[in-house]
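All remarks here apply to the structure that follows.
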Amino acid sequence: MNKDSAILIIKNAMQKRRKALSEYEAKQVLAAYGIPVTRECLAEKRADVEKAAQEIGYPLVMKGCSSEIVHKTEKGLIYTDIRSDAEALKAFDQIKERLNVYSGAVLIQEMIPGRRELVMGMTRDDQFGPCVMFGLGGIFTEILKDISFRRAPLEKSDALEIMQEIKGHNILGAFRGMEAADVESLADILIQLGKIGLEIDHVQEIDLNPVIIFGKKPIVVDALMILE
Numbered sequence: 033m034n035k036d037s038a039i040l041i042i043k044n045a046m047q048k049r050r051k052a053l054s055e056y057e058a059k060q061v062l063a064a065y066g067i068p069v070t071r072e073c074l075a076e077k078r079a080d081v082e083k084a085a086q087e088i089g090y091p092l093v094m095k096g097c098s099s100e101i102v103h104k105t106e107k108g109l110i111y112t113d114i115r116s117d118a119e120a121l122k123a124f125d126q127i128k129e130r131l132n133v134y135s136g137a138v139l140i141q142e143m144i145p146g147r148r149e150l151v152m153g154m155t156r157d158d159q160f161g162p163c164v165m166f167g168l169g170g171i172f173t174e175i176l177k178d179i180s181f182r183r184a185p186l187e188k189s190d191a192l193e194i195m196q197e198i199k200g201h202n203i204l205g206a207f208r209g210m211e212a213a214d215v216e217s218l219a220d221i222l223i224q225l226g227k228i229g230l231e232i233d234h235v236q237e238i239d240l241n242p243v244i245i246f247g248k249k250p251i252v253v254d255a256l257m258i259l260e
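Counting with my numbering, you get residues 33 to 260 for the letters of the sequence shown.
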């Protein structure tokens, strides 16, 4: 997918007066900008589940996927560590039931192991324009609020600096048997997030949480993209 395809996804959503992209759509936009995301498939019906599972491989994560739902966890729409077709079909049925009145499908994605979770994103400030964000991610993001910002566009030096500004920056180093995170790849993600903000005016906010360090490489596991 190229950047023109990413712009088309957003234009189609805007024409339908939607205020956000689905997670699947958001990740397609990210992938078009070279940002690493999970391997995943959309399942509209039960017959799609086993095919997707064979393509991706167990263990899996399954989620309700709808542009109308921002917080999936609170609605019980995320199932993790699924290890068989029987478990996958059961999760599919339960997610579809809980989606209820919302339009959407079930997102089936690879399960990324990793103990280090980051949050990255972009927000459009009234005064400064697109600003890129980096910090500690996962369930404690709102509690710890250990984040740093930079105005776009970012140079490589800006991206490397923003990572060192958070209090928990040592999480990127080697410790407890884990190798140091690939900060060059993390920097590239931050630079590309700034480019999305500068090149696509309709994108108001991007929230990537978590970005998991798998081995040493970052992978975007969940993504939210808010439109103007």
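Beta carbons are placed, not taken as given, at the ideal position from N, Cα and C, and that holds for glycine.
In this text the structure is predicted, and so the values were computed from the model without any measurement.
Going by DSSP, residue 226 is part of the alpha helix (DSSP H) stretching over 215–231. Looking at the DSSP output, residue 141 bridges to 72 and 93.
Rounded to the nearest whole angstrom, the C-alpha separation of residue 236 and residue 207 is 36 Å. Under a 10 Å Cβ-count criterion, residue 104 is classified as buried, with 16 or more other Cβ atoms of the shown protein chains found around its own Cβ. Scanning its chain for C-beta atoms nearer than 6 Å, with the 5 sequence neighbours on each side dropped, one finds around residue 239 the residues 153 and 256, in chain order. Pairing residue 251 with residue 245, the inter-Cα distance amounts to about 6 Å. Contact between residue 218 and residue 195 holds, since their C-beta atoms are separated by about 6 Å, short of 8 Å. For residue 172, there is no enclosing alpha helix (DSSP H), as DSSP marks it with neither H nor E.
Look at residue 149 here: in three-state DSSP terms it is strand.
When C-beta atoms of the segment 134–154 are compared with those of the segment 91–99, three or more pairs fall below 8 Å, so the two segments count as touching. For residue 159, no beta strand (DSSP E) segment is defined, and its DSSP state is neither H nor E. C-alpha of residue 177 to C-alpha of residue 50: approximately 29 Å in a straight line. In the three-state scheme derived from DSSP, where H, G and I count as helix and E and B as strand, residue 67 is classed as coil. Residue state for residue 130 is assigned as helix, using DSSP reduced to three classes.
Around the beta carbon of residue 171, fewer than 16 other beta carbons lie within 10 angstroms, which makes this residue exposed. For residue 101, the secondary structure class from DSSP, reduced to helix, strand or coil, is coil.
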